[in-house]
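These notes are about the structure you will find just below.
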Amino acid sequence: MTKERRDAYERIRNKLINAPVLILPDFELPFKLYIDAACSKGLGAALHQRQIVDGEPREGVICNISRKLKDSEARYRATKTECLCLVWDLVKLHYYLEGAVFEVYTDCTALSSFLNMKTTNRHMLRWKIAIQKYRGNMNIIYKEGKSHTNADGLSRWPLDNVKSNTAYEP
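Its first residue numbered 1, the sequence shown is counted upward by one per residue in UniProt numbering.
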């Protein structure tokens, strides 16, 4: 085996060894919710938490979720699709996030002011009301799109109608 191939093998091996670890949530610690909506494709989110794993602080994955957009949703403008994504993620992950402190990372700058924006759009008004209970514990942070890969991948290739084979589902 050449040195170049050996180095490539070691890089892949190290990536697999240090891959994101699924962890159980610690409700005493804050959560990180990475969200993304791909217009005309889907919605995705990755729920993470920074915990001590094997004696070192490490960000672990609690769960990933995604779904395809419905035909009517695929026609939404980008900001409205991102707002839909936030609301859908909060509804799906309310078992983890209700009453917890968490940060939402998004690549949509308008979403950071979603709760304060004035709108007459019925959907947006309903969504604002639906997420009011998270307002005091949620901080929305803009994260540049090219560094927002975990949720981006989930929204671009959403899984839909997949049955889980796990014994416990919240």
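Yeah, the Cβ is synthetic: ideal placement off N, Cα and C, and Gly gets one too.
CB residue i to CB residue j, shorter than 8 Å?
i, j, result
"Leu43", "Arg5", "no"
"Lys80", "Thr106", "no"
"Leu22", "Gly60", "yes"
"Ala45", "Ala130", "no"
"Cys108", "Glu73", "no"
"Leu115", "Lys128", "yes"
Under a Cβ-count criterion, where at least 16 other Cβ atoms within 10 Å of its own Cβ denotes burial, should residue i be classed as buried or exposed?
i, result
"residue 194", "Absent from the model: residue 194. The displayed extent of the chain is 1 to 170, so no value can be given."
"Thr120", "exposed"
"Thr166", "Per-residue confidence for Thr166 stands at a pLDDT of 46, beneath the threshold of 50, marking its modelled position as unreliable; no derived number is given."
"Ser40", "exposed"
"Met138", "buried"
"Glu10", "exposed"
"Ala100", "buried"
"Leu125", "exposed"
"Asn14", "exposed"
Contact check, residue i vs residue j under 8 Å by CB: the rounded distance?
i, j, result
"Leu111", "Leu47", "Going by Cβ atoms, the distance from Leu111 to Leu47 rounds to 17 Å, so no, they are not a contact pair."
"Pro25", "Ile62", "5 Å"
"Ile98", "Ile141", "Per the sequence shown, the amino acid found at residue 98 is Glu instead of Ile. In fact, because the Cβ distance is near 20 Å, the residues do not count as touching under 8 Å."
"Tyr96", "Leu84", "No, Tyr96 and Leu84 are not in contact; Cβ-Cβ is about 20 Å, not under 8 Å."
Quick check on residue i - is its C-beta less than 8 Å from some C-beta in chain B?
i, result
"Lys68", "The question asks about chain B, but that chain is absent: this structure has only one protein chain."
Need the endpoints of the beta strand (DSSP E) that residue i sits in, please.
i, result
"Asp89", "Counting along the chain, Asp89 falls outside any beta strand (DSSP E), though it belongs to the alpha helix (DSSP H) covering Ala78 to Lys92."
"Asn116", "Looking at the DSSP string, Asn116 is not in any beta strand (DSSP E), and its letter there is neither H nor E."
"Tyr134", "Unbroken run through Tyr134: none, as it is neither H nor E."
"Ser66", "Glu56 to Lys68"
"Glu103", "Phe102 to Thr106"
"residue 190", "Nothing can be reported for residue 190, as the shown portion of the chain is limited to 1 through 170."
"Leu43", "Gly42 to Val53"
What residue does the alpha helix (DSSP H) around residue i start on, and which one ends it?
i, result
"Arg122", "Arg122 to Ala130"
Under the criterion of a Cβ to heavy atom distance below 7 Å, does residue i qualify as lining the ligand MG?
i, result
"Gly44", "In terms of ligand content, the structure shown is empty, and the ligand MG therefore cannot be addressed."
Within the chosen definition, does the stretch 16–35 reach the stretch 80–92 through at least 3 CB pairs nearer than 8 Å? Yes: the two stretches touch, three or more of their Cβ pairs being nearer than 8 Å.
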